[in-house]
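Accompanying notes for the structure given below.
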Amino acid sequence: MSLDFGLIIEQMPDILSGLWVTLWIWVVASILGAALGFLVAAARRYGPAPLDWLLKLYVEILRGNPFLIQLFLLYFGGPFIGLRLEPIPAGLIGLTIYASAYFSEIFRAGFQAVPRGHVEAAQCVGLSRSQILRRILLPEMTMLVLPQCVNMAIILIKETAILSIITVPEMTMVIGAIGSQQYAFVDAMFLLAIFYWVLVEICDWLGRRAEAKLSKFRFAVT
Amino acid sequence: MSFKLFELMLWAAGYTVVLSAISIVIGLTIGLCVCAAKLARSRALSIPATVFISFFRGVPLLVQLLLIYNLLPAIGISVPSVVAAVIGLSLCTAAYQAENLRGGFNSVPKGLLEAADMVGLSPWQQLKRIRAPIALRLTLPALVNEAILILKASSLISVVGVIELTRMAQNLSASTYRPLLFYSVAGGLYLVICWTVAGGGALAERLTRTSRA
Amino acid sequence: MNKRFLMKAALGLTLALGLPLAAPLAAHAEDTLAKVKSTGVLKVGTETAFAPFDFIDTSGEHVGLNVDMFDEIGKELGVKIEWVTLPWDGVFPALEAGKFDIVAGPATITKARVERYRFTVPIAEATVALLKQAGDDSIEKPEDIAGKLVGSGKATAQLAQLQEFGKTLKGGVETREYVSFNEAYADLAAGRIVAVANSLPNIAYVAQQQPDTFAVVKPAFGEPSYFGFIGTKKPEDASLIDAVDAAILKMKKDGRMEKLQEKWFGTTFDTPDTVPEPKV
Chain A
1 MSLDFGLIIE QMPDILSGLW VTLWIWVVAS ILGAALGFLV AAARRYGPAP LDWLLKLYVE
61 ILRGNPFLIQ LFLLYFGGPF IGLRLEPIPA GLIGLTIYAS AYFSEIFRAG FQAVPRGHVE
121 AAQCVGLSRS QILRRILLPE MTMLVLPQCV NMAIILIKET AILSIITVPE MTMVIGAIGS
181 QQYAFVDAMF LLAIFYWVLV EICDWLGRRA EAKLSKFRFA VT
Chain B
1 MSFKLFELML WAAGYTVVLS AISIVIGLTI GLCVCAAKLA RSRALSIPAT VFISFFRGVP
61 LLVQLLLIYN LLPAIGISVP SVVAAVIGLS LCTAAYQAEN LRGGFNSVPK GLLEAADMVG
121 LSPWQQLKRI RAPIALRLTL PALVNEAILI LKASSLISVV GVIELTRMAQ NLSASTYRPL
181 LFYSVAGGLY LVICWTVAGG GALAERLTRT SRA
Chain C
1 MNKRFLMKAA LGLTLALGLP LAAPLAAHAE DTLAKVKSTG VLKVGTETAF APFDFIDTSG
61 EHVGLNVDMF DEIGKELGVK IEWVTLPWDG VFPALEAGKF DIVAGPATIT KARVERYRFT
121 VPIAEATVAL LKQAGDDSIE KPEDIAGKLV GSGKATAQLA QLQEFGKTLK GGVETREYVS
181 FNEAYADLAA GRIVAVANSL PNIAYVAQQQ PDTFAVVKPA FGEPSYFGFI GTKKPEDASL
241 IDAVDAAILK MKKDGRMEKL QEKWFGTTFD TPDTVPEPKV
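In the order they appear, the protein sequences are chains A, B and C. Under UniProt numbering, residues 1 to 222 are what the first sequence spells out, in order. Under UniProt numbering, residues 1 to 213 are what the second sequence spells out, in order. Under UniProt numbering, residues 1 to 280 are what the third sequence spells out, in order.
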């Protein structure tokens with residue numbers, strides 16, 4: 001190991017700022033991506049058929065090619081059609097759109113999986129539509145989709161590393177640069193791997209805890 | 001775009017497909033081993049398997065590739081770019097495939113195995129005739145999914161010096177100053193590949209379903 | 001029972017996969033020049049986003065001064081050239097990891113690098129200057145970038161010099177680090193940054209290729225410096241770099257070097273015959 005840990009501590013402000021950029025882009029893109037994905041899923045289920053086809057195309061195109069290509073199109077192709085985004089907004093928008101496609105599929109499956117009988121039973125006991133949505137559909141769906149949402153969030157945190165390629169000053173960018181400066185590239189990559197690993201494990205753990213908390217809504221899927 | 005450049009893109013797309021396919025197959029093999037280790041009663045096996053899965057699922061492929069490319073020589077194993085890329089993709093997909101397979105093996109109905117025990121099938125026969133076929137069929141959709149994920153993930157292997165579809169698009173858009181065109185073409189080619197694999201997967205699923213009856 | 005079987009199967013497969021990988025462990029350090037000559041292949045690492053040294057032309061071919069020079073060097077050594085192309089920030093780590101025998105690049109000869117690597121004799125000037133958008137009146141001299149956003153390549157000496165220069169300016173300079181200079185040029189054209197700091201031969205070439213888009217800001221702001229190819233300081237690599245040095249010097253003497261400079265830079269210039277004391 002040739003990485004000088006004294007120097008690492010000296011560079012701590014830079015590393016922390018990189019970590020911060022990674023974290024906030026990840027959280028914001030996950031939330032916005034999930035929200036957009038929910039809208040897409042809802043529109044596909046409850047909207048008119050042509051809208052469903054259009055959104056299906058949107059989802060399949062986004063799921064059918066790599067995030068890197070989408071990011072390059074947005075960032076380097078954008079200026080040619082008058083869309084000149086700075087790296088961070090471009091990364092945030094790119095990641096959100098990318099995530100929305102995957103989230104929409106998760107929610108679509110969720111919509112389908114809530115048993116019709118539960119809704120019918122609620123209707124029988126006289127619950128209103130909004131009550132059914134609030135008390136039955138959303139909680140049961142949340143329980144169903146939570147594990148996949150956590151999984152997606154984990155995939156997204158790893159995708160943020162790709163943002164370094166369009167110069168977003170996130171963790172990979174910052175630590176990689178320190179590694180190059182100190183000729184300790186491998187050590188820097190090692191450090192980076194540990195950073196992501198810990199983040200992912202934390203995310204996973206939080207997801208499991210949330211699942212346990214929500215387990216009262218669990219029902220047998222038939 | 002001249003035909004020659006399109007041909008270059010096609011060639012690069014072919015390379016992407018070949019490397020991804022090799023990685024999927026190697027990844028499946030390693031995934032099987034990891035899955036077996038994880039299911040083992042012995043902790044000496046299951047703990048390393050758990051760590052393996054956790055690590056390769058927890059670290060971005062970009063970082064994994066750079067580590068493999070630059071770290072292996074430090075322990076005396078120097079591999080060319082293509083091999084490093086395939087190792088990286090294989091290990092990454094192995095972790096996911098191991099989890100998928102574990103799900104598959106765990107869903108094999110217990111009653112079937114008890115019945116097999118009763119009629120005196122050996123463990124090997126049980127694996128070959130009952131557990132593996134059922135688990136593999138159960139994990140087929142996940143395998144197709146994984147193949148598509150790896151095809152897309154292969155867009156990152158240029159960091160270890162492999163010129164595949166994304167890198168080719170990057171090179172050509174830099175030399176012709178037409179990023180919109182080349183990234184769109186690359187995106188289109190990825191779509192064709194991924195949709196083909198998805199379609200093939202759906203077909204295979206239908207075929208295995210009918211053969212069960 | 002079943003699990004024990006699975007375990008054995010796993011162990012067997014691991015061994016089967018692991019053994020071929022472990023075999024090269026037996027290899028030990030031999031003289032690199034001898035190895036290159038016996039295999040007939042010189043592996044050269046580089047980045048293909050550094051016109052006019054190494055780049056991809058409009059027909060998708062890897063071309064440039066380096067390609068032509070290494071063709072000649074290959075002839076001198078009687079070996080074929082095998083290119084390994086990586087993003088620039090991965091090139092030095094891969095050289096140290098032994099992925100190739102020498103780096104083309106070229107890289108600016110700097111104090112920090114001379115301590116760690118062995119440079120060949122210089123092949124071109126590397127003095128850093130600025131590239132701006134054509135017709136941008138707000139930048140007439142290097143000092144005009146004060147307080148503005150300027151791009152350069154990740155892990156490059158040019159970036160380091162830009163940052164040093166920025167410290168001397170009132171208001172400093174904000175820098176953005178690109179994976180390669182190609183992306184930096186694209187962002188300059190798109191107006192995301194006001195200038196790109198790179199060595200004169202590079203930006204002169206880019207400005208000449210696209211005079212409507214780019215222009216060079218004169219004079220250069222960096223200390224005079226030179227470009228060289230790079231090897232390691234490992235004793236077994238010394239003979240190879242000596243041989244490459246000899247080949248370059250021979251090319252300088254018999255006029256091949258001048259011809260190549262004329263071809264790629266549109267001009268010729270003198271470079272020292274030994275690695276000069278770096279000023280940066």
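Built from N, CA and C at the ideal position, the CB exists for glycine as well.
Query                                                                                                                                                                                   : Result
Out of A/ASN65, A/TYR98, A/LEU146, which has the shortest C-alpha to C-alpha gap to residue 249 of chain A?                                                                             : Only positions 1 to 222 of chain A appear in the structure, and residue 249 of chain A is not among them; the question remains open.
Does C/GLN158 pass the burial test, meaning 16 or more other C-beta atoms within 10 Å, or should it be called exposed?                                                                  : buried
When you compare only the Cα positions, how much space is there between C/GLN261 and C/THR267?                                                                                          : 6 Å
What are the uninterrupted segments assigned as beta strand (DSSP E) that are 3 or more residues long and contained completely in the segment 218-276 of chain C, given in chain order? : 226-231
So, does the CB of B/LYS4 fall closer than 8 Å to a CB anywhere in chain C?                                                                                                             : yes
What's the call for A/CYS124, buried or exposed, on a 16-neighbour Cβ count within 10 Å?                                                                                                : exposed
Assuming contact is defined by CB atoms lying nearer than 8 Å, are C/THR48 and C/GLN133 in contact in what I supplied?                                                                  : no
Quick check: is the beta carbon of C/PHE5 nearer than 8 Å to any beta carbon in chain B?                                                                                                : Its pLDDT being 48, under 50, C/PHE5 is placed unreliably in this model, and the coordinates cannot settle the point.
List the endpoints of the continuous alpha helix (DSSP H) containing C/ASN182.                                                                                                          : 181-190
How would you label A/SER128, buried or exposed, when you count the other beta carbons within 10 angstroms and need 16 or more for buried?                                              : exposed
Apply the 10 Å Cβ neighbour rule to C/GLU115 and answer buried if 16 or more other Cβ atoms are within range, or exposed otherwise.                                                     : exposed
Could you tell me if B/SER122 is buried or exposed, where buried requires 16 or more neighbouring beta carbons within 10 angstroms of its beta carbon?                                  : exposed
Are the segment 68-75 of chain C and the segment 191-204 of chain C touching, with three or more C-beta to C-beta distances below 8 Å?                                                  : no
If you reduce the DSSP assignment to three classes, tell me which class C/ASN198 lands in.                                                                                              : strand
At what residues does the beta strand (DSSP E) containing A/PRO139 begin and finish?                                                                                                    : Not the beta strand (DSSP E): A/PRO139 falls in the alpha helix (DSSP H), residues 138-159.
Would you say B/ALA213 reaches chain C, if we count a Cβ-Cβ gap shorter than 8 Å as a contact?                                                                                          : Reliability of the predicted coordinates at B/ALA213 is poor, the pLDDT of 42 falling under 50, and no value is obtained from them.
Suppose the cutoff is 7 Å on Cβ atoms and the five residues either side in sequence are ignored; what does the same chain contact list for C/ALA51 look like?                           : GLY64, ASN202, TYR205, VAL206
Excluding the 5 residues preceding and the 5 following C/PRO24 in the sequence, name in chain order all residues of the same chain whose CB lies nearer than 8 Å to its CB.             : The predicted model places C/PRO24 with a pLDDT of 43, which falls under 50 and marks its position as unreliable, so this point remains unresolved.
Which two residues bound the contiguous alpha helix (DSSP H) that contains B/THR50?                                                                                                     : 43-58
Could you tell me which of A/TRP53, A/LEU16, A/VAL40, A/ILE178 sits nearest to A/ILE97, measuring between CA atoms?                                                                     : A/VAL40
Quick one: Cα of C/GLY228 to Cα of C/VAL216, how far?                                                                                                                                   : 23 Å
Distance cutoff 8 Å, beta carbons only. Does A/GLY126 sit that close to anything in chain C?                                                                                            : no
How about A/MET189: is its C-beta nearer than 8 Å to some C-beta of chain B?                                                                                                            : yes
Between the Cα of C/GLU140 and the Cα atoms of C/VAL275, C/ALA94, C/PHE119, C/ALA195, which residue gives the shortest distance?                                                        : C/ALA195
Mapping the DSSP letters down to three states, classify A/SER130 as helix, strand or coil.                                                                                              : helix
Taking 8 Å as the threshold (beta carbon to beta carbon), is C/ILE56 in contact with chain B?                                                                                           : yes
Can you tell me which of B/LEU28, B/SER90, B/THR29, B/ILE30 puts its alpha carbon nearest to the alpha carbon of B/GLN64?                                                               : B/SER90
Identify which residue in B/GLY76, B/LEU136, B/ILE87, B/SER155 has its Cα closest to the Cα of residue 215 of chain B.                                                                  : Here chain B has residues from 1 to 213 only, and residue 215 of chain B is not among them.
Roughly how many angstroms separate the alpha carbons of B/ALA21 and C/LEU86, rounded to a whole number?                                                                                : 23 Å
In the DSSP output, which residue or residues are listed as bridge partners for C/ALA129?                                                                                               : C/ASN198
Please list the segments of the beta strand (DSSP E) lying wholly inside the segment 95-175 of chain C, counting only runs of 3 or more residues, in order along the chain.             : 102-108, 128-133, 149-153
Quick check: what's the CA-CA separation for C/GLY147 versus A/SER17?                                                                                                                   : 21 Å
Which residue or residues does DSSP assign as beta-bridge partners of C/ALA215?                                                                                                         : C/LYS132
Report all residues from its chain with a CB closer than 6 Å to the CB of C/ARG118; omit the five preceding and five following residues, and keep chain order.                          : GLY231, LYS233, ILE241
Tell me the residue span of the alpha helix (DSSP H) that contains B/LYS38.                                                                                                             : 3-39
Measure from the C-beta of A/THR167 to each C-beta in chain C and report whether the shortest distance is under 8 Å.                                                                    : yes
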